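Visitor: Everything in the sequence shown is counted per numbering that gives the first Met the number 0, starting at 0 for the first residue and increasing by one.
Beta carbons are placed, not taken as given, at the ideal position from N, Cα and C, and that holds for glycine.
These numbers were taken from a predicted model, which means no experiment stands behind them.
Sharing a structure below in structure tokens format, with a few things to ask.
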Amino acid sequence: MALLIIEPGRIEREYWRDLWRYRELFYVLAWRDISVRYKQTAVGVLWALLQPFLTMVVLTVIFSQVAKMPAQEGIPYALLVLAGTLPWQFISTALSSASQSLVGNANLISKIYFPRLIVPTSAVVTSFVDLLISFLLLLAVMAWYQFLPPWQVFFLPFFIILAFLTALGPGLLITALNVKFRDFRYIIPFMVQFGYFISPVGYWSGHVPAKWKLLYSLNPVVGVIDGFRWCLLGGENQIDPASFGLSLAVTALLLVLGISYFRKTERTFADII
Numbered sequence: 000m001a002l003l004i005i006e007p008g009r010i011e012r013e014y015w016r017d018l019w020r021y022r023e024l025f026y027v028l029a030w031r032d033i034s035v036r037y038k039q040t041a042v043g044v045l046w047a048l049l050q051p052f053l054t055m056v057v058l059t060v061i062f063s064q065v066a067k068m069p070a071q072e073g074i075p076y077a078l079l080v081l082a083g084t085l086p087w088q089f090i091s092t093a094l095s096s097a098s099q100s101l102v103g104n105a106n107l108i109s110k111i112y113f114p115r116l117i118v119p120t121s122a123v124v125t126s127f128v129d130l131l132i133s134f135l136l137l138l139a140v141m142a143w144y145q146f147l148p149p150w151q152v153f154f155l156p157f158f159i160i161l162a163f164l165t166a167l168g169p170g171l172l173i174t175a176l177n178v179k180f181r182d183f184r185y186i187i188p189f190m191v192q193f194g195y196f197i198s199p200v201g202y203w204s205g206h207v208p209a210k211w212k213l214l215y216s217l218n219p220v221v222g223v224i225d226g227f228r229w230c231l232l233g234g235e236n237q238i239d240p241a242s243f244g245l246s247l248a249v250t251a252l253l254l255v256l257g258i259s260y261f262r263k264t265e266r267t268f269a270d271i272i
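Okay, here's the thing in structure tokens:
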């Protein structure tokens with residue numbers, strides 16, 4: 000006979016263990032989101048390649064041909080743009096997906112108990128699949144230019160994890176806010192668009208004037224994109240320790256704030272949603 004124990008505060012104490020116990024639900028939600036993303040689409044998985052490719056072409060023409068921004072020696076401008084597009088596309092897609100994840104699973108959340116942290120995290124993982132597919136485009140462009148990545152490429156897994164954490168922290172915060180304030184969903188596209196313009200997607204961070212460097216580095220995406228370029232392209236894409244350290248600190252702060260606020264409001268999700 001199964002024994003049911005009802006004890007005040009037990010759920011709080013067992014929360015992080017429950018994340019592991021409910022890992023199968025995490026797999027199911029992530030796989031469902033992946034299959035739904037590409038189901039009944041005209042180009043399917045190719046969309047994960049087409050979007051960064053078109054972004055690369057447009058930004059290369061604008062910054063390289065129209066704005067005449069100098070390219071780094073030995074590095075094609077298209078590769079510079081693509082190496083910045085991949086992490087930005089992952090982070091922006093993850094934020095948008097995570098923000099709607101709880102509302103989209105309202106029926107599930109209102110009926111059974113499980114750690115709600117699983118839902119937005121699975122949405123971020125779904126966007127991670129797009130990032131892996133996009134790397135095929137990067138390899139193809141590198142082969143086209145006959146460009147070999149430097150030895151720093153072995154550090155790429157670290158920056159991929161950093162990109163995941165950079166998306167997860169704000170994603171949890173925005174997700175929790177979106178449950179309580181439904182009109183918050185209208186702010187999210189503006190935030191993503193604004194972040195696109197202040198992130199070094201189409202240009203190199205070295206083009207930023209020194210007097211703006213401190214303010215510029217408060218954007219946590221800067222450290223991720225600079226890290227990707229350092230790993231994939233080498234050359235002059237050196238990581239500034241001060242700038243990277245500040246971006247890393249902001250990422251850690253947002254992650255702590257996101258988890259704290261999500262956990263604080265999590266117990267009210269079933270009632271509000």
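Give every residue of the same chain whose Cβ lies closer than 6 Å to the Cβ of Asn177, excluding the five residues on either side of it in the sequence, and list them in chain order.
Guide: Correct list, in chain order: Ser98, Phe183 and Arg184.
Visitor: For Asp32, which of Ser100, Ala241, Ile74 and Ala105 has the nearest alpha-carbon?
Guide: Here the closest residue by C-alpha is Ser100.
Visitor: If we ignore side chains and look at the alpha-carbon of each, how far apart do Leu52 and Leu137 end up?
Guide: The amino acid at residue 52 is misidentified as Leu; the sequence shows Phe. Looking at the two C-alpha atoms, the distance is approximately 9 Å.
Visitor: Please classify Trp203 as buried or exposed, where buried requires at least 16 other C-beta atoms within 10 Å of its C-beta.
Guide: So Trp203 counts as buried.
Visitor: Would you give the residue range spanned by the alpha helix (DSSP H) that Ile160 belongs to?
Guide: Unbroken alpha helix (DSSP H) run through Ile160: Leu155 to Lys179.
Visitor: If you count every other CB in all the chains shown that lies within 10 Å of the CB of Gly222, and 16 or more means buried, which is it?
Guide: So Gly222 counts as buried.
Visitor: Only counting the same chain, and skipping five residues up and downstream in sequence, which positions put a Cβ closer than 7 Å to that of Val249?
Guide: Cβ neighbours of Val249 beyond the five flanking positions: Leu217 and Pro219.
Visitor: Please go through the segment 181-221 and give each complete beta strand (DSSP E) segment of 3 or more residues, from N-terminal end onward.
Guide: List check, beta strand (DSSP E) in window: nothing returned.
Visitor: What is the rounded straight-line gap between the Cα of Thr174 and the Cα of Ser246?
Guide: So the two alpha carbons sit approximately 22 Å from each other.
Visitor: Taking one C-beta from the segment 115-124 and one from the segment 145-162 each time, how about it: are there three or more such pairs within less than 8 Å?
Guide: Contact fails: fewer than three Cβ-Cβ distances are below 8 Å.
Visitor: Are the Cβ atoms of Ile90 and Ala162 separated by less than 8 Å?
Guide: Yes, Cβ-Cβ distance for Ile90 and Ala162 is below 8 Å.
Visitor: Check whether the Cβ atoms of Val27 and Leu81 sit closer than 8 Å, and answer yes or no.
Guide: No, the pair does not count as a contact, with Cβ atoms beyond the cut-off.
Visitor: Quick one, which of Ile132, Ala209, Tyr215 and Gly205 has its alpha-carbon nearest Leu45's?
Guide: Taking only the C-alpha atoms, the option nearest Leu45 is Ile132.
Visitor: Are the beta-carbon atoms of Tyr215 and Val207 separated by less than 8 Å?
Guide: In contact: Tyr215 and Val207 (Cβ atoms closer than 8 Å).
Visitor: Using a Cβ-Cβ cutoff of less than 8 Å, which residues in the same chain neighbour Tyr21 once the five nearest sequence positions on both sides are dropped?
Guide: Correct list, in chain order: Phe113, Pro114 and Ile117.
Visitor: Measure the C-alpha to C-alpha separation of Val123 and Tyr76 and round it to an integer number of angstroms.
Guide: Their backbone Cα atoms lie some 29 Å apart in a straight line.
Visitor: If Gly83 sits next to Ile258, beta carbons under 8 Å apart, how far is it from one beta carbon to the other, in whole angstroms?
Guide: Going by Cβ atoms, the distance from Gly83 to Ile258 rounds to 28 Å, so no, they are not a contact pair.
Visitor: Along the chain, where does the alpha helix (DSSP H) that runs through Asn106 open and close?
Guide: Its alpha helix (DSSP H) spans residues Ala105 to Ile108.
Visitor: Tell me the residue span of the alpha helix (DSSP H) that contains Met68.
Guide: Note, Met68: premise wrong, no alpha helix (DSSP H); not H, not E.
Visitor: How far does the alpha helix (DSSP H) with Thr267 in it reach, from first residue to last?
Guide: Careful: Thr267 lies outside any alpha helix (DSSP H) and carries neither H nor E.
Visitor: In terms of residue numbering, what span does the alpha helix (DSSP H) encompassing Ile90 cover?
Guide: Unbroken alpha helix (DSSP H) run through Ile90: Tyr76 to Ser98.
Visitor: Under a three-way DSSP split, which group does Tyr112 fall into?
Guide: Coil.
Visitor: Grab me the residues of Met55's own chain with a C-beta within less than 7 Å of its C-beta, minus the 5 sequence neighbours each way, in chain order.
Guide: Taken in chain order, the residues that qualify are Ala77, Val80, Leu81 and Thr84.
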